[in-house]
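S.K.: Here it is, the structure, as structure tokens.
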Amino acid sequence: MKVLKFGGGCLKDAEAIKKLPNILKKYENNIIVVISAFGKLTNLLEDISSKRTVDFSRLHVVFTNIMKGLSFDKKNILKILNLIKPLDNSNAAILAIGELISSQILSYYLHKHLISHTLCNATGIIKTSNKGISASVDWEETNHRLEGIKDKIAKDNNSIVLTQGFIASYSRGKECEISCLGREGSDYSAAILGNIFNVEEVVLFKDVDGIYSSDPKKNKQAKLFHTLSYNQAFDLCNNGNTVVHPKTIKPLKEKKIPLVIKNFNNIDLPGTVIS
Ligand code: ASP
Ligand code: MG
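Here numbering that gives the first Met the number 0 is used: position 83 in the sequence shown is 82, and no number is missing along the way.
See below:
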């Protein structure tokens, strides 16, 4: 089993999203597909949540354009737009809309392309020990939630589970609230699932070839690392290299699971392998 994670930078518009079915077809085995909100939608949602009156009209426009680009019919566009509402009163619930609606759209698109899969809501499986948009994972509870799914996946040899990165939930007794794992946290979600399912590898698809010694967009001399140790990657990610979220390395190092960074637009390139 592998975890494949696609960030917002890859899934930035309808044309980019159309590449996803073919990429998934290249991975025949059991896969868990983790996605983040399309493009820079979380920034937009952060802005929306900071206003006194919450108004989702700008979000409607972005999602409508993407769905039109994917040739969704009017009825389905309206059905999905109707789902745009926060699940509770928290700021985290507003940010979570990005991942929740993006995954609904992708799920519908993949079904249209006959890629059968199960859409699994991450807020029901990734649990945090506190509230907020930068909450800490409750590993024990998350492990417990994933037990049932583990059996299901193990039985089905060709399954695809589609889920959201970044979003989670907090509960105590009857109280339950949406939480998030910190901005850009969907790499970390992929690592959490990789650790718990003890997968063969975790692949993060990005809009760059891999991890560079410095930002290749700013520095022509930047060197691409083909391989890195967990410790080297940990140091880079914790010292300003923003390609991979810093929390991603530890859960994978713990179980010696390789982490591969690949270019979404050129998946035949080897990328950077961290092991
Ligand atoms: N969509 C979230 C964010 O932009 C999570 C992620 O992209 O990893 O922060
Ligand atoms: Mg994002």
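Cβ coordinates follow ideal geometry from the N, Cα and C atoms, glycine included. All values derive from a computational prediction rather than experimental measurement.
Can you grab the Cα-Cα spacing for the pair residue 68 / residue 15, in whole Å?
M.R.: Taking the straight line from one Cα to the other gives about 10 Å.
S.K.: Residue 86 to residue 221, Cα distance in whole Å?
M.R.: Their backbone Cα atoms lie some 43 Å apart in a straight line.
S.K.: Between which residues of its own chain and residue 93 is the CB-CB distance below 6 Å, once the five residues before and five after are set aside?
M.R.: The answer, listed in chain order, is 44, 48, 85.
S.K.: If you reduce the DSSP assignment to three classes, tell me which class residue 168 lands in.
M.R.: Three-state DSSP puts residue 168 in a strand.
S.K.: How many Å lie between residue 53 and residue 104 at the Cα?
M.R.: For residue 53 and residue 104, the distance between alpha carbons rounds to 23 Å.
S.K.: So the candidates are 32, 131, 162, 241; which of them puts its Cα closest to the Cα of residue 88?
M.R.: Ranking 32, 131, 162, 241 by Cα distance to residue 88 puts 131 first.
S.K.: What I want to know is whether the C-beta of residue 239 ends up closer than 7 Å to one or more non-hydrogen atoms of ligand 4.
M.R.: Of the ligands this structure carries, namely ligand 1 and ligand 2, none is ligand 4.
S.K.: Excluding sequence positions up to five away, which residues of its chain have a Cβ less than 8 Å from the Cβ of residue 226?
M.R.: Here the set comprises 271, 272, 273, 274.
S.K.: With hydrogens ignored, establish whether the beta-carbon of residue 49 is closer than 7 Å to any heavy atom of ligand 2.
M.R.: False, no ligand heavy atom lies under 7 Å from that Cβ.
S.K.: Between the alpha carbons of residue 155 and residue 1, how many angstroms are there, rounded?
M.R.: Answer to the nearest angstrom: the Cα atoms are 14 Å apart.
S.K.: I'd like the list of long-range same chain contacts for residue 112, defined as Cβ closer than 8 Å, with 5 residues on each side in sequence excluded.
M.R.: If we look at residue 112 and ignore the five residues flanking it on each side, its Cβ neighbours are 20.
S.K.: Closest by CA to residue 26, which one among 134, 200, 139, 100?
M.R.: Nearest C-alpha to residue 26: 200.
S.K.: Over the uninterrupted beta strand (DSSP E) stretch that includes residue 41, give me the two end residues.
M.R.: First-last for residue 41: 40-49, but that is the alpha helix (DSSP H), not the beta strand (DSSP E).
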